[in-house]
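Novice: The UniProt record's numbering puts the first residue of the sequence shown at 1, with every later residue one more than the last.
Think of the CB as a built atom: it goes at the ideal place given N, C-alpha and C, for glycine as much as any other residue.
None of the values given here were measured: they were computed from a predicted structure.
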Amino acid sequence: MSHFDYAGFAAALCGEGDAGGLAAQPGFAVYRNTVISGCVDALIANHPSLATLMGEAWLANCARAFARDNPSRDARLMLYGAGFAAFAGEMPGADAWPWLGQVGAIDYGWLQSHLAADAVPAAALATLAADMPLAPHPAARWFWSERWPLWQLWSSARAGQTPAHLHWQGEGILLSRPAGEVQACVVPQEVCVLLDALAAGQGLQQAVAVVLATVAAPDFTRLMQLLAGAGALVSYQE
1 MSHFDYAGFA AALCGEGDAG GLAAQPGFAV YRNTVISGCV DALIANHPSL
51 ATLMGEAWLA NCARAFARDN PSRDARLMLY GAGFAAFAGE MPGADAWPWL
101 GQVGAIDYGW LQSHLAADAV PAAALATLAA DMPLAPHPAA RWFWSERWPL
151 WQLWSSARAG QTPAHLHWQG EGILLSRPAG EVQACVVPQE VCVLLDALAA
201 GQGLQQAVAV VLATVAAPDF TRLMQLLAGA GALVSYQE
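Listed below in structure tokens is the structure:
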């Protein structure tokens, strides 16, 4: 019994190889165009903030350019678009908005948070031992910028509103899913630094030391409240 070369077929959609001659068939171009159209629709649907900021026509053109070179290798398209935010940030016309790629990355982070695995959040940090093994919750996603007000930019655009009266200062965002729905909140730098350290495999005590070495006068009380309220951590036994 012969086996269809799905990997070769997917590669041919990306212009890599001819899938054993299939790419030369008249129907292949039609199929590839259908795949690309689906990819474009998925990119537009998954990046509503970019549509608000740049307009649907600009986003559609950007999505087509990305999809032509990066068609999905997964027919489900649920998580299609990794790398699209950075691509959009480098498109002609985007140089006037140097934060655009980061805002698009938050849109994609929202999608990842929405589709992430479930896990039981850790108890309040104040009750945990310093050597308790901790990690970010599978649904947690976080973003920090020293320069750009990411929360103001993204939250307004996500709601379909053009950001206005911005305070141009660094901001962070934490996405989590404590009750089955993705929630977003603005966070200070220490939250993102702690989550970065825990994601890198450091223990709580080590992660706190990283925060102290990185952030001037971190507010640990607020940090604990934010992470506990967001259900952004899980504990595990080694």
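(1) If I follow the unbroken alpha helix (DSSP H) through Q183, where does it start and stop?
(2) Does the separation of the CB atoms of L226 and V191 fall below 8 Å?
(3) What are the boundary residues of the alpha helix (DSSP H) that includes L226?
(4) Please name the residue, chosen from R73, R76, W110, that lies closest to A85 on a Cα-to-Cα basis.
(5) Using DSSP with H/G/I as helix, E/B as strand and the rest coil, what is S235?
(6) How many Å lie between S155 and A207 at the Cα?
(7) Mapping DSSP to helix, strand and coil, what is W142?
(8) On the criterion of 16 or more Cβ atoms from any shown chain inside 10 Å, does E171 qualify as buried, or is it exposed?
(9) Are A82 and L43 touching if we call contact CB-CB under 8 Å?
(10) Taking the beta carbon of P92 as the centre, do at least 16 other beta carbons fall within 10 Å, making it buried, or is it exposed?
(11) How should H137 be labelled, buried or exposed, when 16 other C-beta atoms within 10 angstroms of its C-beta is the threshold for buried?
(12) Can you give me the C-alpha to C-alpha distance between R177 and A184, rounded to a whole angstrom?
(13) Alpha carbons only, please: which of L79, W99, M78 is nearest the one belonging to A88?
(14) Compare the beta carbon distance of V187 and I173 with 8 Å and say whether it is the shorter of the two.
(15) May I have the straight-line CA-CA distance separating A199 from R222, to the nearest angstrom?
(16) Between L175, A96, H167, which lies nearest to A228 when the distance is taken from Cα to Cα?
(17) What separation, rounded to the nearest whole angstrom, lies between the Cα atoms of E238 and A197?
(18) Suppose the cutoff is 7 Å on Cβ atoms and the five residues either side in sequence are ignored; what does the same chain contact list for G38 look like?
(19) Using the C-alpha atoms, what's the distance from L134 back to R64?
(20) Terminal residues of the continuous alpha helix (DSSP H) containing L59?
(21) Which one of P48, A45, P71, D118 has the shortest CA to CA distance from N33?
(22) According to DSSP, simplified to helix, strand and coil, what is S82?
(23) For G182, tell me which candidate among E56, T162, S113 has the shortest Cα-Cα distance.
(24) For the ligand MG, is there any heavy atom lying closer than 7 Å to the beta carbon of F84?
Specialist: Taking the definition as stated:
(1) Residue mapping note: residue 183 aligns to position 183 of the sequence shown, counting from 1. Counting along the chain, Q183 sits inside no alpha helix (DSSP H); it lies in the beta strand (DSSP E) bounded by residues 183-187.
(2) Within the sequence shown, residue 226 is the residue found at index 226, counting from 1. Within the sequence shown, residue 191 is the residue found at index 191, counting from 1. With a cutoff of 8 Å on beta-carbon distance, L226 and V191 are scored as near each other.
(3) Residue mapping note: residue 226 aligns to position 226 of the sequence shown, counting from 1. From DSSP, the alpha helix (DSSP H) with L226 extends over 220-230.
(4) Residue mapping note: residue 85 aligns to position 85 of the sequence shown, counting from 1. Among R73, R76, W110, the Cα nearest to that of A85 belongs to W110.
(5) The residue you call residue 235 lines up with position 235 of the sequence shown. Reduced to three states, the DSSP call for S235 is strand.
(6) Position 155 of the sequence shown, counted from the start, is the residue given in the question as residue 155. Position 207 of the sequence shown, counted from the start, is the residue given in the question as residue 207. Spanning the two alpha carbons is a distance of roughly 28 Å.
(7) The residue you call residue 142 lines up with position 142 of the sequence shown. Strand, per DSSP.
(8) Taking the first residue of the sequence shown as position 1, residue 171 is located at position 171. Buried.
(9) Translated into positions along the sequence shown, residue 82 becomes position 82. Translated into positions along the sequence shown, residue 43 becomes position 43. Cβ distance not < 8 Å, so A82 and L43 don't count as in contact.
(10) Mapped onto the sequence shown, residue 92 falls at position 92. Exposed, because fewer than 16 other Cβ atoms sit within 10 Å of the Cβ of P92.
(11) As a first step, residue 137 must be located in the sequence shown, where it is residue number 137. Around the Cβ of H137, a 10 Å sphere holds 16 or more other Cβ atoms; the residue is buried.
(12) Residue 177 sits at position 177 when you count from the first residue of the sequence shown. Residue 184 sits at position 184 when you count from the first residue of the sequence shown. In a straight line, the C-alpha of R177 is about 9 Å away from that of A184.
(13) Mapped onto the sequence shown, residue 88 falls at position 88. Nearest C-alpha to A88 among L79, W99, M78: W99.
(14) Taking the first residue of the sequence shown as position 1, residue 187 is located at position 187. Taking the first residue of the sequence shown as position 1, residue 173 is located at position 173. A contact, by the Cβ cut-off of 8 Å.
(15) Taking the sequence shown and counting its residues from 1, the one referred to as residue 199 is at position 199. Taking the sequence shown and counting its residues from 1, the one referred to as residue 222 is at position 222. Near 20 Å, if we compare the C-alpha coordinates of R222 and A199.
(16) Looking up residue 228 in the sequence shown gives position 228. Measuring from the Cα of A228, the nearest candidate turns out to be L175.
(17) As a working note, residue 238 is residue 238 in the sequence shown. As a working note, residue 197 is residue 197 in the sequence shown. Annotation note: pLDDT 49 at E238 (below 50); position unreliable, coordinate value reported separately. If you draw a straight line from the Cα of E238 to the Cα of A197, it comes to about 17 Å.
(18) What you label residue 38 is simply residue 38 of the sequence shown in a count that begins at 1. The residues are L77.
(19) Locating residue 64 in the sequence shown gives position 64, where the first residue counts as 1. Locating residue 134 in the sequence shown gives position 134, where the first residue counts as 1. Cα-Cα distance, rounded: 41 Å.
(20) Stepping through the sequence shown from its first residue, residue 59 is reached at position 59. Looking at the DSSP string, the run of the alpha helix (DSSP H) that includes L59 is 56-69.
(21) The residue labelled residue 33 in the question sits at position 33 within the sequence shown. For the residues P48, A45, P71, D118, the minimum Cα distance to N33 belongs to P71.
(22) Numbered from its first residue, the sequence shown carries residue 82 at position 82. The question names Ser, but residue 82 is Ala in the sequence shown. Look at A82 here: in three-state DSSP terms it is coil, with no helix or strand label.
(23) As a working mapping, residue 182 is identified with position 182 in the sequence shown. Reading the sequence as shown, one finds Val at residue 182 and not Gly. Selected option, being the one with the closest Cα: S113.
(24) The ligand MG is absent from the structure shown, which contains no ligand whatsoever.
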